[in-house]
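Numbering (this note's numbering), first residue to last: 11 to 846.
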């Protein structure tokens, strides 16, 4: 066959497309990946038939599926489908715009070549679901004033050339094409008063009036034809006009030019509707964005943009030499990468800003651009600066999963493609100990795990086994590289091991993570709490079914020295949660289904009442962290999605959570994003380096389209490098033709992963020299500042209710209030987005 890579990937596309056809043929409404796959697959097949042109196929692509054949969110999610295929005259790009454009599709065409039965259109009823528009932006019905408060002038411009001239918003107007005739003296120090990144076109012979505004910032002109090349002042103006004359640039005095101040003289003022502004540059202050297909709306609290001076990249746009890109500033002052006009969703706030990255760190948050021509610039675009266009995108900190069973290396790729950039846990591979517990027990195993992850573009930290009533072996594993210790009931979590483990941890300033005693063998939950002796501890499974003291481990969520986390298989509590758990538990914990005691042990951990309470405790901020429990009763690729599913469910069942009367979900959103970003960072001693979108931290950032937020990221930036991203056919003429797959990028290859990521160890291991001893190329840092923590250090999740659990009915109360909620029958961020 001699297949090349693009042919192999087209086979993946075909498999997905044929699967979608089978689902369509049996009357299922297609979701986003199914609809894309079917349309792209059929286009490729029609190309193979050889009797259609590109133009004809662009039209046919809009006929295949209608609104009744897809889920109600799909027309909003699916804007275009692109694919390349081999025609008689070679490989060509086919773009299908607005592919879901009619009520019903042509199912004969949609199933052509599949030999599947064509179903009746009657089985595809109207969508009666809630008309949720994923990622929708709600704007106020008012205008945005651009370039307010600036000197402005209206000039007549004539194109005396024989070809059209198009001038961008930030091009210094005195420097434009010599064949444009206008008053260049009055244009000195000015540019077009149009929306940033747009252009004005002058056809040959055309006469047109334009409004110019003064440039901002330091008012220094660079670039163009070098007519000015310096500050805007009278002497430079005289010299510039002499250059205009001697170099043959057309100039004509305009005695009738109207002059004034924008915002005061409305004939000189540029206004655009807020909806148009949001579509160009992303939402601004007061606008709201729906997160994915959830019921959560984030309102922009602050916008660092200067209206009219937004940095936009592209042909004829702003980030060009002497315009949005500075000229002549020190290279030390410019940034490696700038993400423009992005909406940041972080525990610190929900705001729109440019994000500057330098040397792998978040170096600035605010307004990027050229300080010579723009107001309010605190980060410089230079010739050495890359740009990532963040307009219309959401940026979050990379997620931290701090409950990882390192059962297989493949979980790394599942994690990073979902938006996780840091993995903390333990294990050695698919050993039975690792399948059940997050421990890397032996020093040589700790060395192996640090070495095996050295090239991978994620941050890693490994916990040693803490189950020992004597300290010697614990000292050994901490010095070998353990960043924390794990107590697990499967190894015997007794008061003696708890006491010893915490005592050792106090010596090294590392965290202790505990999975308590489901059997109540050594005592009840109050005995375990007493064994903590008021010392800081991170309690895994502070939840309804994951393990630990039955039935009331959830009480620890009200203890001040406890940092509680839960795992994601029970978040949120849904219709099928209980039924899946028994077999899940039997496999993970090496139990025998033929042994009544093992079955009783398993069943004691699965309680609908406490699972329901878990959701509410998350919403109250009483459970501070959410993590996966990867392949050991948890799903590593769903840490983020299940967090937002829980928030969505709680809003539906408990109503708004805002501390004030504002019409948004910002407080709830910040509370929930903190659960997988800053709080696991604080709890594990990593917050100096990661966990939030703040200056000085590692640039571990995740970019999302609002419509896909929480489900599938667009791009994962690791230590300032693009490590993972959606990418299409590598042979294609552009990056977007199908199959678009979340793939590793250059930041994930070669030595890049070592440079952009951190291996976290104890300070004792760092001082011992494990980096050199193990031959690690990755940056190695010590965890710190964990032994003095309390629940009050958990950002936006520091509630300390008094919790009780009835030992017979399992009824949970917090401060006397019964905590119960119904199981959800549907959740967002699910069937709209995933093929399986």
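Even glycine gets a Cβ: it sits at the ideal position worked out from N, Cα and C.
Predicted model only: the values in this text are computed from it and were never measured.
**Item:** Element boundaries [beta strand (DSSP E), containing residue 439]
**Value:** As a first step, residue 439 must be located in the chain shown, where it is residue number 429. First-last for residue 439: undefined, no H or E at that position.
Which one of 511, 199, 62, 583 has the shortest CA to CA distance from residue 829?
As a working mapping, residue 829 is identified with position 819 in the chain shown. Minimum Cα distance to residue 829 is reached at 583.
Distance between residue 571 and residue 805 (C-alpha atoms, nearest Å) | Reading the chain shown from its first residue, position 795 is the one you call residue 805. Reading the chain shown from its first residue, position 561 is the one you call residue 571. Their Cα atoms are separated by approximately 15 Å.
Candidates 766, 823, 817, 747: closest to residue 53 by CA position: The sequence position of residue 53 within the chain shown is 43, counting from 1. Nearest C-alpha to residue 53: 747.
Can you give me the Cβ contacts of residue 659 inside the same chain, cut-off strictly under 6 Å, excluding the 5 residues immediately before and after it? Within the chain shown, numbered from 1, the residue matching residue 659 stands at position 649. Cβ within range, chain order: 582, 834.
Along the chain, where does the beta strand (DSSP E) containing residue 198 start, and where does it finish? Position 188 of the chain shown holds residue 198. Per DSSP, residue 198 belongs to no beta strand (DSSP E) and is neither H nor E.
Should residue 244 be labelled buried (16 or more other beta-carbon atoms within 10 Å of its own) or exposed?
To locate residue 244, count along the chain shown from 1; it is residue 234. That one is exposed.
### Query
According to DSSP, is residue 514 helix, strand or coil?
By 1-based counting over the chain shown, the position of residue 514 is 504. Three-state DSSP puts residue 514 in a helix.
Can you tell me which residues form a DSSP beta bridge with residue 617? To locate residue 617, count along the chain shown from 1; it is residue 607. None; residue 617 has no bridge partner.
Contacting residues, own chain, Cβ-Cβ under 8 Å from residue 564 (five flanking each side not counted):
As a first step, residue 564 is located in the chain shown; it is residue number 554 there, counting from the start. Closer than 8 Å at the Cβ level, and outside the excluded window around residue 564, lie 552, 553, 554, 620, 623, 624, 627, 813, 815, 822.
With a threshold of 8 Å on Cβ separation, who are the neighbours of residue 135 within its own chain once the five nearest residues in sequence on each side are excluded? Locating residue 135 in the chain shown gives position 125, counting from the first residue. Around residue 135: 78.
- Task: May I ask you to report which of helix, strand or coil DSSP gives residue 207?
- Result: In the chain shown, counting from the first residue as 1, residue 207 sits at position 197. Three-state result, residue 207: coil.
- prompt: In this structure, what does DSSP give as the bridge partners for residue 834?
  reply: By 1-based counting over the chain shown, the position of residue 834 is 824. Residue 834 pairs with 584.
From 62, 80, 608, 235, pick the residue whose C-alpha is nearest to that of residue 46; which is it? Against the chain shown, residue 46 aligns to sequence position 36. If we check each option's Cα against that of residue 46, 80 comes out closest.
Q) How close, in whole Å, do the beta carbons of residue 711 and residue 408 come, if the pair is a contact with beta carbons under 8 Å? A) As a working mapping, residue 711 is identified with position 701 in the chain shown. As a working mapping, residue 408 is identified with position 398 in the chain shown. With 8 Å as the limit, residue 711 and residue 408 qualify as a contact, their Cβ atoms being about 6 Å apart.
- request: Report back the beta-carbon spacing between residue 412 and residue 575 to the nearest angstrom; my notes put them in contact at under 8 Å.
  value: Here the question's residue 412 lines up with position 402 in the chain shown. Here the question's residue 575 lines up with position 565 in the chain shown. Rounded to whole angstroms, the Cβ separation of residue 412 and residue 575 is 7 Å, and the two are in contact under 8 Å.
Fill in: Identity of the residues DSSP links to residue 498 by a beta bridge
Locating residue 498 in the chain shown gives position 488, counting from the first residue. According to DSSP, which records beta bridges pairwise, residue 498 is partnered with 525.
- Query: When we look at the beta-carbon of residue 356 and count the other beta-carbons within 10 Å, is it buried (16 or more) or exposed?
  - Reply: Your numbering for residue 356 matches position 346 in the chain shown. Counting Cβ neighbours within 10 Å, residue 356 comes out buried, since at least 16 surround it.
*Pick out the complete alpha helix (DSSP H) segments inside the region 376-408, 4 residues or longer, and give them in chain order.*
none
Residue 472 and residue 436: beta carbons closer than 7 Å? The count along the chain shown starts at 1 and reaches residue 472 at position 462. The count along the chain shown starts at 1 and reaches residue 436 at position 426. Yes, the pair counts as a contact, with Cβ atoms nearer than the cut-off.
Opposing strand residues paired with residue 473 [DSSP bridges]: For the purposes of this step, residue 473 is identified with residue 463 of the chain shown, where counting begins at 1. Bridge partners of residue 473: 494.
Check your understanding: Does DSSP classify residue 847 as helix, strand or coil?
Key -> Outside the displayed span of the chain (11 to 846) sits residue 847, for which this structure offers no information.
> residue 383: which of 202, 288, 838, 276 sits nearest, CA to CA?
Replying inline: Taking the chain shown and counting its residues from 1, the one referred to as residue 383 is at position 373. It is 202 whose Cα lies nearest to the Cα of residue 383.
Coil, strand or helix - residue 309 by DSSP:
Position 299 of the chain shown, counting from 1, holds the residue named residue 309. Reduced to three states, the DSSP call for residue 309 is strand.
- Task: Assess, as a yes-or-no matter, whether the region 449-464 is touched by the region 503-516 under the definition of 3 or more beta carbon pairs within less than 8 Å.
- Result: no
### Task
Inspect the CB distances between the region 105-123 and the region 359-367 and report whether three or more fall short of 8 Å.
Too few Cβ pairs lie closer than 8 Å, so no.
Practice problem: Measure the alpha-carbon distance for residue 852 versus residue 427 and round it to whole angstroms. | Solution: No statement about residue 852 is possible, as the shown extent of the chain runs from 11 to 846 and does not include it.
**Request:** Can you check DSSP and say which residues form a bridge with residue 844?
**Result:** Here the question's residue 844 lines up with position 834 in the chain shown. Note: residue 844 sits in no beta bridge, so no partner.
Could you have a look at residue 241 and say whether DSSP puts it in helix, strand or coil?
In the chain shown, counting from the first residue as 1, residue 241 sits at position 231. Here residue 241 sits in strand by DSSP.
Please report the straight-line C-alpha distance between residue 740 and residue 395, rounded to a whole angstrom. In the chain shown, counting from the first residue as 1, residue 740 sits at position 730. In the chain shown, counting from the first residue as 1, residue 395 sits at position 385. Distance between the alpha carbons of residue 740 and residue 395: 25 Å.
- How should residue 36 be labelled, buried or exposed, when 16 other C-beta atoms within 10 angstroms of its C-beta is the threshold for buried? The residue given as residue 36 occupies position 26 in the chain shown. With fewer than 16 Cβ atoms within 10 Å of its Cβ, residue 36 is classed as exposed.
> Which whole-angstrom value describes the C-beta separation of residue 772 and residue 488, a residue pair presumed to lie in contact below a C-beta threshold of 8 Å?
Replying inline: In the chain shown, residue 772 corresponds to position 762, counting from 1. In the chain shown, residue 488 corresponds to position 478, counting from 1. 5 Å between Cβ atoms; contact.
Reducing DSSP to helix, strand and coil, say where residue 872 ends up.
Coverage of the chain is limited to positions 11 through 846, which leaves residue 872 absent and any answer about it impossible.
Same chain, Cβ closer than 6 Å to residue 758, five either side skipped, listed in chain order: Counting from 1 along the chain shown, the entry for residue 758 is found at position 748. Cβ neighbours of residue 758 beyond the five flanking positions: 467, 733.
On the CB-based measure, 16 or more other CB atoms within 10 Å of its CB, does residue 183 come out buried or exposed? Here the question's residue 183 lines up with position 173 in the chain shown. It counts as buried.
* To do: Apply the 10 Å Cβ neighbour rule to residue 229 and answer buried if 16 or more other Cβ atoms are within range, or exposed otherwise.
  => Position 219 of the chain shown holds residue 229. Under this definition residue 229 is an exposed residue.
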